[in-house]
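6 protein chains.
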Amino acid sequence: MVYLTRLEHFNAAHKLYNPKWSKEQNEAVFGVCANDNWHGHNYDLYVTIKGDPHPDTGFLFDVKELSKLIKIYVIDYLDHKNLNLDVPFMDGKMCSTENLAIAIWNELAAHLPDSVKLHCVKLYETQRIYVEYFG
Amino acid sequence: MVYLTRLEHFNAAHKLYNPKWSKEQNEAVFGVCANDNWHGHNYDLYVTIKGDPHPDTGFLFDVKELSKLIKIYVIDYLDHKNLNLDVPFMDGKMCSTENLAIAIWNELAAHLPDSVKLHCVKLYETQRIYVEYFG
Amino acid sequence: MVYLTRLEHFNAAHKLYNPKWSKEQNEAVFGVCANDNWHGHNYDLYVTIKGDPHPDTGFLFDVKELSKLIKIYVIDYLDHKNLNLDVPFMDGKMCSTENLAIAIWNELAAHLPDSVKLHCVKLYETQRIYVEYFG
Amino acid sequence: MVYLTRLEHFNAAHKLYNPKWSKEQNEAVFGVCANDNWHGHNYDLYVTIKGDPHPDTGFLFDVKELSKLIKIYVIDYLDHKNLNLDVPFMDGKMCSTENLAIAIWNELAAHLPDSVKLHCVKLYETQRIYVEYFG
Amino acid sequence: MVYLTRLEHFNAAHKLYNPKWSKEQNEAVFGVCANDNWHGHNYDLYVTIKGDPHPDTGFLFDVKELSKLIKIYVIDYLDHKNLNLDVPFMDGKMCSTENLAIAIWNELAAHLPDSVKLHCVKLYETQRIYVEYFG
Amino acid sequence: MVYLTRLEHFNAAHKLYNPKWSKEQNEAVFGVCANDNWHGHNYDLYVTIKGDPHPDTGFLFDVKELSKLIKIYVIDYLDHKNLNLDVPFMDGKMCSTENLAIAIWNELAAHLPDSVKLHCVKLYETQRIYVEYFG
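Line by line, the protein sequences give chains A, B, C, D, E and F. For reference, each letter of the first sequence is one residue, going 37 to 171 in the numbering used here. For reference, each letter of the second sequence is one residue, going 37 to 171 in the numbering used here. For reference, each letter of the third sequence is one residue, going 37 to 171 in the numbering used here. For reference, each letter of the fourth sequence is one residue, going 37 to 171 in the numbering used here. For reference, each letter of the fifth sequence is one residue, going 37 to 171 in the numbering used here. For reference, each letter of the sixth sequence is one residue, going 37 to 171 in the numbering used here.
And the structure:
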């Protein structure tokens, strides 16, 4: 079994706040990440699939096709968007990197063809913070 | 003469839109960057100063002190903020990387001690786009 | 148990084409990667071994020695070569990153000393595409 | 005046050899870079333009438009190609990074609109070797 | 289950030598790393924890808090220090990257709160050499 | 005229302290960098030369030869050394990045062949701090 990973990028705004809490409580827990007027990041998204290379192509899966599928089902919903306001699959969720990685996994798992076996979603929020989810 | 550079980071939300234009005109010019609900970036800021090392220290200027000054006069105003709404020195300006680099230069030039001669502000918006300003 | 990884580099030419297929079929499947006159990459190769550090040295294995072994059994066969034409252990194989990673694993597994337990071969074709193989 | 830089990538095969020289002389001068069957690289191309930001947009020039122009006039001729065999503007030239950077400058200078003032072409052959050309 | 990773840095001096061995034996085994007067590195430390995000915050654990704990229990003991002479938890140990990664794991495992489940310590000595330890 | 740059690495120990000052004064000025028992860094050294490519080779200068010259005259004196104690050309100098960059320039300028015109020495102490010297 071989693991193939593709890196994609998106830029988005978000904030961290719990609507059930007061402004003070949100600021106490989330600090500057709770800024009313949002902040944002350049996210790096690594998607890893696994399986056996096909004898005719040497490919586990065509990586350009994988890139297109990630674009259609994930990047187009996230890039140059507000994660709290603009993204159907983040609706009603806390916009942490953890929850975003899980939501991206769920979108990919639901829409990738059966021939693609998802292994890992790895999401960098900054160069110093990343989350991995294996389903 | 020696050139000394310090890298700092900040994360911010912004959008590109000209308030004198219609929504359609903004979208035609700025595309996804005009998204109503903002998007954001991890900005990398390189500040370069120049001069001669001091014989007692070997330092052009104490780089930790330089880092503090950049933090006080620039990063604290930009990090985890909305560039269009929260930043006094961007008020009324288009929030392009070009204008932001110029504004950062102006803030630093106005507030750095006389012993620090500013040479360049280099600002990455993404890993593939950066602006340099030399005053 | 500890895992120790060493990064090596090589630059090579290759193309993706299946000799059983017509030119049109190859272009339909492999696109620009089927270019008759080849293209090429700077490959990054991460080799991970595992085991327990030796009490006398603190080393799982001497990393400079590991580097030499990777050079002798892998890099010298691949660096500044044509993967389709010049490499005995790729002979008759599709030159995908998947197959190259597997072939590198097989070469290392066959030639590394018994004291080195191979864990992973990770191969970057570009900064956005990599393959991992664990045997 | 502000300087704006855009990074683009291309992957290509090439070899270094002087057709006026013997095989032995080529190998003596160019070593493994003279390999008959080619080798290749992931090239990183930084294109820097200069000028004043426009008051309506804050843009020196639309960076997405710059990216398209680099693609049309440079990347499409180089990406997944053989630099010695496939590239009209390298015809009859030694395929060194130096000559390639100069040729890219000449292509861009000839085809970019008058509103774009080219400042620098910076070309990485590997992470450890790059060339800059300022015209 | 989600995995969250935080990157921290420290700069330190060390040397590799076994006090039971002669100077010649140390040089034979450790080469330039046995230099009497030390050498040093910029170490990159990745700490990975695992668990489930909390529904109120979307956080597995507050990453700023994780950063503080790594600082208090690890970085403050290592940064701008001599690993052989200044670090209580390396006392009497060979200062290899392998042993340092294990020692960092032990410090973190002993001092992190029960709510944080440590998964991996990954330590880069240079950009080409790193060690992982999973306990 | 073309500019050609080569990146080399070295790892070294050093400390910042002025022997004319008391221990307290050194700690007040240099902080943790004055640690008695040294600390260290992975230094990245970029050497830039300038000139015209030769028509027979397309080379400004053979980059492998440049690498060897940097190794012989600079890296071999610095790598796995103590900058304060082991390096003849740093003798009696404050071991700041500024002074080290100037000293490297002086060594290269004195020993490179006449055909190589030195343009810039750029020295990274960490990923966030670098110095440039142009002679």
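For every residue, glycine included, the Cβ atom is placed at its ideal position computed from N, Cα and C.
Contacts that residue i makes with chain C (C-beta to C-beta distance below 8 Å)
i: threonine 41(A); result: Ile165, Tyr166, Val167, Glu168
i: valine 38(A); result: Glu134, Ala137, Ile138, Val167, Glu168, Tyr169
i: valine 99(A); result: Ile165
C-beta neighbour in chain A for residue i, strict 8 Å
i: alanine 137(C); result: yes
i: threonine 93(E); result: yes
Partners in chain D for residue i, counting only beta-carbon separations shorter than 8 Å
i: alanine 145(C); result: Residues of chain D passing the Cβ test: none, with the nearest at roughly 26 Å.
Distance between beta carbons of residue j and residue i, contact taken as under 8 Å
i: valine 38(E); j: alanine 137(A); result: 7 Å
i: glycine 67(C); j: histidine 50(C); result: Actually they do not touch by this definition, with Cβ atoms about 14 Å apart.
i: lysine 129(B); j: glycine 87(B); result: So it is not a contact: roughly 30 Å between Cβ atoms.
i: asparagine 73(D); j: aspartate 122(C); result: 5 Å
i: isoleucine 85(D); j: phenylalanine 97(D); result: 6 Å
Contact with chain D by residue i, beta-carbon distance below 8 Å
i: glycine 76(C); result: yes
i: leucine 159(C); result: no
i: aspartate 122(C); result: yes
Residue-chain proximity (residue i, chain F), Cβ-Cβ < 8 Å
i: cysteine 131(E); result: no
i: valine 54(D); result: It should be pointed out that residue 54(D) corresponds to asparagine in this sequence rather than to valine. True, the Cβ-Cβ gap to chain F drops below 8 Å.
Neighbour list for residue i in chain D, Cβ cutoff strictly below 7 Å
i: proline 89(F); result: Ser132, Glu134, Asn135
i: leucine 96(F); result: Glu134
Burial state of residue i (16 or more Cβ within 10 Å)
i: alanine 70(E); result: buried
i: isoleucine 108(F); result: exposed
i: aspartate 150(A); result: exposed
i: glycine 171(F); result: exposed
i: proline 89(B); result: buried
i: aspartate 80(F); result: buried
i: glutamate 60(A); result: exposed
i: glutamate 101(A); result: exposed
Contacting residues, own chain, Cβ-Cβ under 7 Å from residue i (five flanking each side not counted)
i: glutamate 134(B); result: Val167
i: asparagine 62(D); result: Tyr53, Asn54, Ala70
i: glutamate 143(C); result: Tyr109, Val110, Phe125
i: leucine 148(A); result: Leu105, Leu154
Where residue i meets chain C, residues with beta-carbon distance less than 7 Å
i: valine 65(E); result: Thr93
Short CB-CB distance (under 8 Å) between residue i and chain E
i: valine 152(C); result: no
i: leucine 81(C); result: no
i: asparagine 62(F); result: no
Cβ shell of residue i (< 6 Å), same chain only, five flanking positions each side left out
i: isoleucine 111(F); result: Glu44, Phe46
i: tyrosine 169(C); result: Ala137, Ile138, Trp141, Val157
i: glutamate 161(C); result: His77, Thr133
i: asparagine 118(B); result: Ala49
i: glycine 94(B); result: none
i: cysteine 131(B); result: His50, Leu119, Asn120
i: tyrosine 82(B); result: Thr41, Leu43, Lys158
i: tyrosine 113(B); result: Val123
Contacts of residue i in chain F (Cβ-Cβ under 8 Å)
i: asparagine 47(E); result: His75, Gly76, His77, Thr162
Chain-ordered chain A contacts of residue i [CB-CB under 8 Å]
i: valine 68(B); result: Asp115, His116
Residues near residue i by beta carbon distance below 8 Å, same chain, minus five either side
i: valine 99(C); result: Leu40, Arg42
i: methionine 126(F); result: Leu119, Asn120, Asn135, Leu136, Ala139
i: serine 103(A); result: Arg42, Glu44
i: histidine 116(A); result: Phe46, Asn47, Ala48
Any chain H beta carbon closer than 8 Å to residue i
i: leucine 148(A); result: In summary, chain H is missing from the structure at hand, where the protein chains are A, B, C, D, E and F.
Residue-chain proximity (residue i, chain C), Cβ-Cβ < 8 Å
i: asparagine 142(D); result: no
Chain B contact residues for residue i, given Cβ-Cβ distances below 8 Å
i: leucine 105(A); result: Under the 8 Å cutoff, chain B gives no residues; its nearest Cβ is about 20 Å from leucine 105(A).
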